[in-house]
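Using my numbering, read the sequence shown as starting at 1 and increasing by one per residue. Right, one structure below, let's go through it.
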Amino acid sequence: MNQRLPPPTVEKIPKMLSIHGDTRIDDYYWLNEKENSKVLDYLNNENAYLEEIMQGTNDLRDQLFSEMKARIKEQDESVPVFKNGYYYYLRFEEGMQYYKYCRKKENLDALEQVVLDVDQMAIGHSYYAVSGFNISPDNNFIAFAIDNVGRRQYSIYIKNLATGETYSDKLFPSSGNSVWANNNQTLYYTETNPHTLLTQKIKRHILGEESLQDTTVYEEADKTNYLGVRKTRSGKFIVIHSTATLSSENWILDADQPGISFKLFQKRAKDVLYAVDHFSDHFIIMTNWEAVNFRLMKTTLTNTKQENWVEMIGHREDVLLQAADPFLNHLVITERKNGLVHFHIRNVQNGTSHYLEFPQPAYSASFGANPEYKTSNLRFNYTSLTTPATTYDYDMETRVKNMMKRQEILGNFEEDKYITDRLFATVRDGTQVPLSIVYKTGFRKDGSAPLLLYGYGSYGLSLDASFSAARLSLLNRGFAFAIAHVRGGQEMGRRWYEDGKLMKKMNTFNDFIDCAEYLLKEKFTSKQHLYAMGGSAGGLLMGVVAGLRPDLWNGVIASVPFVDVVTTMLDESIPLTTNEFDEWGNPMQPEFYEFMKSYSPYDNVATGYPNMLVTTGLHDSQVQYFEPAKWVAKIRAQKRDKNILLFHINMDAGHGGA
């Protein structure tokens, strides 16, 4: 590599941060001044330095980009989804960056109507995201949300699909979430706090009225809760759901009566989570009340309090109940056992039930787009490390499965040229941690091959094995790719999550290190060829393992990393902080402060690191850009090794790219 520019340097302006009788000196606290020209100069210098160092790889980068793009079918369509008399789909055109959201009435031979032309809408914007597509029950209006900055602060607009007019009134700021009442004139939507970006209110908008007249129908006082609004699958009820990490509360409204007040379903209680849906003549409730892996309950439409709940599916130690989705005559229960998803289908008319099984040792299966309630057709998605994303329709009556679409990989891709497997590493406390791995046929386990190990391990998010067309460029060059399903996720049940958060967070980091040691022991790779990657909370994982065991990795990629744990969790003005006290702990309490400080990468910068690439987005609302910026600056000032440290800042995006 060609190095002419020296690494960027940053001025030190010490700031004392004192609490619990402890003082930390933060020399780079000032980098949070986003409008300061010196801050922007520093970030631009880091980008210039990266380009200088990477200059010798320009041809390879161009080649990789061309390879990856060549595998994408640019002129494409999503599988049509039938809802309330129309088929809806996305249409992608060659050479365009976005898509057109379209529909056809009653059958696929009908005339196409372009509902939203996002290709045209995005012209002139370096970042553009559209979400929250929400068609009114009479099919005449669509509510949709736009973010053209990248901070996930959306403006909701309403378009008249009969006239093509998009009304000038906008509902801002919002998370983009909205629901129509059944009168087609009333829209319930989320309003966010402009500073913390957290959803604080559910408001009611009536077509034709100014947004300033919108009524607040619910306001969340607890800053640790996430707030949203949705419709039951039957379309008969609107549900406001307020959820923290460890407790939740729901409010319900008859969708035919938008003028009345929402009714409390069940008051929130400490350590009790519950979610509600409508099914036939009762409500169903998925809850962890006296059931760590969740159970399914039901209650009448009029008596919704907990004392009236009746058990439908009991708690199981070895099975995590993830979801229960009602259809007119069926109940689809999503379960997770031994780290893998299974669909349990119950016919409520004749009382029979069966499982929909999957063939590969490691895979990802998920409930698909199923807006229709009165159907026996289940749409689900399936993928694995070797199988491109596939959409199936499954007839729950006849038990016949039809493949509707498989992601087309252009070029010479052949699935049987790649091998996927599921391994188990025994970590230091005796726990068996699953690993999903993929490599090309001919791969030799003699320690000579490079391997990229990926991890996350937070919020109970399960990392399932899924396909990536871009990853083929890695596999085709001899790499193996592995996912460490470390504690803090929920792959092995709710306890797997609870054993990787709060005061047990070190399990997440130790599991990842021990999975790497297992792969070395089994000669999948060597220390000279082992790489690690993670983003966001997975970026925290990277920061910790790079500092704890710099000798293990030849390179580490920390994407939008959460690395200044203590300072962020002490600042309640930062988006997401208050919502996550149950995940990381509240450092206003001395025991959590000391524990966070013991692993926070920014508070534990060492003098030596492996080669590292750190990335961020200037407008990131989830992990603010200044966390990785401060971390990189501090590492540069203290590192004594000659390994490469690169920092890339996307100046036009947030937590994700354009």
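C-beta: ideal position from N, C-alpha, C; glycine also. Here the structure is a predicted model, which is why all the values come from computation and not from measurement.
| Check | Outcome |
| --- | --- |
| Taking the beta strand (DSSP E) that MET403 belongs to, which residues open and close that run? | 401-406 |
| Taking the alpha-carbon positions, what's the PRO388 to SER468 distance? | 7 Å |
| Could you name the residues that DSSP lists as bridge partners for THR304? | THR304 pairs with nothing; no bridge assigned. |
| First and last residue of the alpha helix (DSSP H) that includes LYS505? | LYS505 -> no alpha helix (DSSP H), and no H or E assigned at all. |
| Within its chain, find whatever has a CB closer than 6 Å to the CB of SER234; leave out the 5 residues flanking it on each side and keep chain order. | HIS278 and TYR373 |
| One question on the structure: do ALA516 and LEU423 come within less than 8 Å of each other, judged by their Cβ atoms? | no |
| Under the three-state reduction of DSSP, which class applies to GLY617: helix, strand or coil? | strand |
| Helix, strand or coil for THR398, going by three-state DSSP, please let me know. | coil |
| Taking C-alpha atoms, which residue in ILE260, ALA606 and VAL239 lies nearest to PHE283? | VAL239 |
| Report all residues from its chain with a CB closer than 8 Å to the CB of ASN2; omit the five preceding and five following residues, and keep chain order. | Low per-residue confidence applies at ASN2: pLDDT is 47, beneath 50, and the placement is therefore not dependable, though the value from the model is reported in the following sentence. So the list reads GLU52, ILE53, GLN55 and GLY56, once near-sequence residues are dropped. |
| On the criterion of 16 or more Cβ atoms from any shown chain inside 10 Å, does LYS667 qualify as buried, or is it exposed? | Residue coverage of the chain in this structure runs from 1 to 658, which leaves residue 667 outside it and unanswerable. |
| Since ALA324 is in the beta strand (DSSP E), which residue starts that stretch and which ends it? | 320-326 |
| Just list the residues that DSSP pairs ILE574 with in beta bridges. | DSSP lists no partner for ILE574. |
| Let me know the beta strand (DSSP E) ranges lying completely inside the segment 545-611, each 3 residues or longer, listed in chain order. | 555-559 |
| Short check: CB of TYR127 to CB of GLY150, under 8 Å? | yes |
| Ignore the nearest five residues each way along the sequence and tell me which others in VAL39's own chain have a CB closer than 6 Å to its CB. | LEU31 and GLU33 |
| From what residue to what residue does the alpha helix (DSSP H) around TYR497 run? | 494-498 |
| Is ALA48 buried or exposed, if buried means 16 or more other CB atoms sit within 10 Å of its CB? | exposed |
| My understanding is that LYS523 touches GLY447, with C-beta atoms under 8 Å, so please give their C-beta distance in whole angstroms. | 5 Å |
| Looking at VAL217 and ARG230, is the spacing between their C-beta atoms short of 8 Å? | no |
| Could you give the residue range of the alpha helix (DSSP H) that holds SER468? | That residue, SER468, is in no alpha helix (DSSP H); it is neither H nor E in DSSP. |
| Tell me the DSSP secondary structure of GLY368 in three-state form. | coil |
| Using 8 Å as the threshold, is the C-beta distance between ARG494 and LEU320 below it? | yes |
| In the DSSP assignment, find the beta strand (DSSP E) that holds VAL118 and state where it starts and stops. | That residue, VAL118, is in no beta strand (DSSP E); its alpha helix (DSSP H) goes 118-121. |
| Going by CA-CA distance only, name the one from ASP41, GLU93 and ASP564 that's closest to LYS630. | ASP564 |
| Please determine, among GLN306, HIS315, LYS159 and SER280, the residue with the shortest C-alpha to C-alpha distance to ARG295. | HIS315 |
| Touching or not, the segment 144-162 and the segment 617-626, by the rule of three or more beta carbon pairs under 8 Å? | yes |
| Check GLN3 in the structure and name its three-state DSSP category. | Caution is warranted here: a pLDDT of 49 is assigned to GLN3, below 50, making its placement in the model unreliable, and the coordinate value is therefore given only provisionally. The answer is coil: DSSP assigns GLN3 none of H, G, I, E or B. |
| Does the beta-carbon distance from TYR497 to GLY535 come in below 8 Å? | no |
| VAL660 by DSSP, collapsed to three states: which one? | No statement about residue 660 is possible, as the shown extent of the chain runs from 1 to 658 and does not include it. |
| In this structure, does DSSP put ALA637 in helix, strand or coil? | helix |
| What's the gap between the Cα of THR391 and the Cα of SER78? | 10 Å |
| Using beta-carbon positions only, say whether ALA537 and VAL545 come within less than 8 Å of one another. | no |
| Could you check what DSSP says for THR57 in three-state terms: helix, strand or coil? | helix |
| What residue ranges within the segment 416-490 form continuous alpha helix (DSSP H) runs of no fewer than 4 residues, ordered along the chain? | 472-475 |
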